[in-house]
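For what it's worth, our numbering labels the leading residue of the sequence shown as 569, then goes sequentially.
Glycine included, each C-beta is placed from N, C-alpha and C at the ideal position.
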Amino acid sequence: MDGTKGRPRVYFNEYNPFIGSAAYLPLVSGKLHSFAVTDPDVRDHYRWMPYLFRIQSPDDILAAYDRPAVAAFSAAIWNEQLCFEVVRRLKARWPQCVVIFGGSQVPHDPSRFLREHPEIDVTVTGEGEDPFLAVMRRLMTTRDLSGIDRVGWRDGSGEIVVNPDAGRFERDLDVYPSPFLEGMYDELIAAHPEIRFQVIIETNRGCPFHCTFCYWGKGGLSRKYRYFSPERVEAELDWIGRNKITFVYNADSNFGMHRRDEDIAHHMVAVKKRFGYPEKVVNLYGKNTDERIFRIAKLLHENGLHKGIGLSRQSLDPEALARTKRANISLEVYESLQRQFEAAGIPVFSELIIALPGETYESFANGIAVLLEKSVVTQLIIVLCELYPNTEMAEPEYMARYGMVGRRNVNYGVHSRVHDSGLVAEYIDYVVATDTMPVEDWRRTGILSWTAMTMIGLRVAADLFVYLRRELGVPMIDVLRFMAEGDFPAGRFPLWRRELAAYEAFMDQILAGLGRGVVEPEFGGIYWAVEEASFLRIADQADDFYVELLDMLGLFLGRSGIAHDGGQLAQVVRYQRMRLPTPVMPTTLEYDFSFSIPAYFAALARQDQAACLHASAQRMVVTPEDFAGDKARFAQEKLLWARRGGKFNVEFSWYDTATYPVAVLASVQGTA
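So this is what it looks like as structure tokens:
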């Protein structure tokens, strides 16, 4: 007989999106639960109900409730509004249920938040284990929550009380039990064999940096690092392997900054070798990347665990960096590290943020130019500036100081399923203007950015741009600006005009608050980033697009007065077309070049800067994947799996026809 049936029921709510059949285990729920039950009185007083962990309609979520005494919510940017709606309905049906709200969306001063949401009884800010346990212990006898750090609540008269924060944090993180090792997820995993569960881990807490756009330094409340023991971390990794968890997201703020991180990476590899899992690990590496991080990334890459490494920039403009309190590594160190990673075959990406305060259109374009001139192998990722609660950048005084204009948008997460009308819409705020980047310049910056990411980041014309720079002396940014500005004769380049119109429409979409997800129905029922949607459309009409691109480049070179060999340029465009993956098998799998184009790009991929083009009869043979016209599978495999994993371009081999059958083989993913 179940002796818990008469006890007050506790429900944890941590709604996460699904990507296909994959979903994260509810980390916060497990951590709060596993620590709360270390107190025998608390453990035995309540009945702990199964975790509510997936984004569903409010009706479906509430169907799991039965006479709740306590409902705890972890509110994030992807589930906040759903939490609010569930709470409203919950309170209407069970008004005596105590609703506890925590998570990154809860302001550190929750006074206004509690006034705006009268259905919420208790808020917890910052780390939640200690205050949650204290609240649960207090609720056994009273609703008076006086004296519990980092808690906001309503007293008996309904007045809002915010308890002072004494700034106390547990330094020994091992006092908090591991939800993995304590079996908190065993029943959940067993009950859902259809779900590919993913895991978030943390080996430490804290961040020493003060970037104004980031939650860690200011929002995390603690800039000093505190650690889980190596034994605890290794045991959790063992659990991940035994339970066949395919994907691990390491939530450390600067992995690789600490000496012990290298040992942790070695254990990740040992677990993969022993169990075959996890398949991939994502680490958020320290922005001051050094040799230790290189060794870690190389180790994980060589053992099939890595999905790429970020060489963080965010901006190259000194004024923007000063206003956001960010200090980057020098460009010299950046370039040295970049070469090491690329030589080792480790996928690298570098991120820029549009509309940081202090940035202008010209400074941003210069940032793109500098990074592309360093390398086109490093994938350039450009994102809109997002405003997060509890960050300095989101404070009204900060925004007013720098003339920042935010625009609230529906938050349809890229790569999540297309929004079901029965689901609650979520919201996110984007910066659309500052005192140095008015909205029209913000639009131009976006269009230039999507052009750069499509043409170079997604490899549509990356090798071609390298050729233009090396052989004709054309700065990449000049070609990108020409394409982005769209100053073309009437009637020419209809496919590229279509893409520019899509970029314009996307910027309008953000200004209208409609979100950044782009739907291409033929390519699956998920949201794509704007540059990904562009890539998919181009890949679907690749032959026609490259004919148009050759004509466009001829116009650019003619206007610029740059002499060139038209036949050679046409062959480079042919090479680029053959390297582009497409959903349908191309008709041309072999091509005879009259220039050493295959050898040239193969040498550049080996970082042979002495590579040169000359007249030479070379045959190139490509071996594309056959997607048999399955556009959804093509999009998933190329954009969800391969985009940051390095295996993106069509592989090829080549040989000098004069010396065949002595073949020189190449299997490359890009050029330097």
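Do you know whose CA, among the options, lies nearest residue i's CA?
{"i": "R722", "options": "M752, V850, I832, V667", "result": "V667"}
{"i": "F1202", "options": "E1100, K792, G1126", "result": "E1100"}
{"i": "A1183", "options": "L1148, D1133, P1151, D1194", "result": "D1133"}
{"i": "V578", "options": "M704, E804, R976, A1052", "result": "M704"}
{"i": "D634", "options": "S625, R881, L620", "result": "L620"}
{"i": "V945", "options": "G913, Y970, N934, R975", "result": "G913"}
{"i": "Y1005", "options": "E684, T928, A819", "result": "Strictly speaking, residue 1005 in this sequence is Met, with Tyr absent from that position. Ranking the options by Cα distance to M1005, first place goes to T928."}
{"i": "P608", "options": "N934, L701, K848", "result": "L701"}
{"i": "M1120", "options": "R1147, A838, F1061, S898", "result": "F1061"}
{"i": "I763", "options": "R718, I813, I808", "result": "I813"}
Alpha carbon to alpha carbon, what distance is there between residue j and residue i?
{"i": "N822", "j": "R657", "result": "40 Å"}
{"i": "V1236", "j": "I921", "result": "Caution applies to V1236, whose pLDDT of 40 falls short of 50 and renders its modelled position unreliable; the model cannot decide the point."}
{"i": "V605", "j": "R611", "result": "4 Å"}
{"i": "G787", "j": "S679", "result": "For G787, the predicted model reports a pLDDT of 45, less than 50, meaning its position is unreliable; a value from the coordinates is still stated below. Taking the straight line from one Cα to the other gives about 17 Å."}
{"i": "K573", "j": "N581", "result": "20 Å"}
{"i": "G926", "j": "L805", "result": "43 Å"}
{"i": "S714", "j": "A640", "result": "19 Å"}
{"i": "P1192", "j": "I950", "result": "28 Å"}
{"i": "M836", "j": "F765", "result": "18 Å"}
{"i": "V692", "j": "F1074", "result": "37 Å"}
{"i": "R842", "j": "E799", "result": "17 Å"}
{"i": "I1045", "j": "V1028", "result": "15 Å"}
{"i": "G1014", "j": "S989", "result": "29 Å"}
{"i": "Q1177", "j": "A591", "result": "44 Å"}
{"i": "A923", "j": "R894", "result": "15 Å"}
{"i": "D1009", "j": "A1001", "result": "8 Å"}
{"i": "N647", "j": "L1036", "result": "46 Å"}
{"i": "S672", "j": "A643", "result": "6 Å"}
{"i": "F1033", "j": "I1024", "result": "8 Å"}
{"i": "G1059", "j": "G1083", "result": "31 Å"}
Output yes or no for whether 9 Å exceeds the beta carbon distance between residue i and residue j.
{"i": "L1104", "j": "F1113", "result": "no"}
{"i": "R863", "j": "Q1175", "result": "no"}
{"i": "V978", "j": "E994", "result": "yes"}
{"i": "F877", "j": "F815", "result": "As written in the sequence, residue 877 is Ile, which differs from the Phe given in the question. Contact flag unset, no."}
{"i": "Y1143", "j": "R1187", "result": "no"}
{"i": "V999", "j": "E1072", "result": "no"}
{"i": "L1026", "j": "R1049", "result": "no"}
{"i": "G696", "j": "V767", "result": "no"}
{"i": "L600", "j": "I623", "result": "no"}
{"i": "P776", "j": "R791", "result": "yes"}
{"i": "S984", "j": "I587", "result": "yes"}
{"i": "P1149", "j": "G1197", "result": "no"}
{"i": "Y966", "j": "T771", "result": "no"}
{"i": "P618", "j": "L756", "result": "yes"}
{"i": "G844", "j": "M825", "result": "no"}
In terms of residues, what are the limits of the beta strand (DSSP E) holding residue i?
{"i": "M1051", "result": "Segment 1044-1053 is the alpha helix (DSSP H) holding M1051; no beta strand (DSSP E) there."}
{"i": "N977", "result": "973-978"}
{"i": "W1297", "result": "In the structure displayed, the chain extends from 569 to 1240; residue 1297 sits before or after that span and is not available."}
{"i": "P636", "result": "636-642"}
{"i": "Q1077", "result": "It is not in any beta strand (DSSP E) - Q1077 instead sits in the alpha helix (DSSP H) that spans 1062-1079."}
Report the three-state DSSP secondary structure of residue i (helix, strand or coil).
{"i": "M1188", "result": "strand"}
{"i": "T691", "result": "strand"}
{"i": "K848", "result": "strand"}
{"i": "G574", "result": "coil"}
{"i": "S918", "result": "strand"}
{"i": "A1058", "result": "coil"}
{"i": "T1227", "result": "coil"}
{"i": "L1233", "result": "Residue placement at L1233 is flagged as unreliable, the pLDDT there being 44, under the threshold of 50; the coordinate-derived value follows with that caveat. Of the three classes helix, strand and coil, the one that applies to L1233 here is coil, per DSSP."}
{"i": "V1328", "result": "This structure gives no information on residue 1328, because the portion of the chain shown stretches from 569 to 1240."}
{"i": "F796", "result": "coil"}
{"i": "R881", "result": "coil"}
{"i": "D740", "result": "strand"}
{"i": "H601", "result": "helix"}
Residue i lies in the alpha helix (DSSP H); which residues open and close that run?
{"i": "D1111", "result": "1110-1128"}
{"i": "N581", "result": "Not the alpha helix (DSSP H): N581 falls in the beta strand (DSSP E), residues 577-584."}
{"i": "P886", "result": "886-891"}
{"i": "K840", "result": "828-843"}
{"i": "L867", "result": "859-870"}
{"i": "R656", "result": "648-661"}
{"i": "E965", "result": "964-969"}
{"i": "N934", "result": "929-942"}
{"i": "R1201", "result": "1199-1203"}
Please confirm whether any heavy atom of the ligand MG lies closer than 8 Å to the CB of residue i.
{"i": "Q664", "result": "In the structure on display, the ligand MG does not appear, and there are no ligands present to speak of."}
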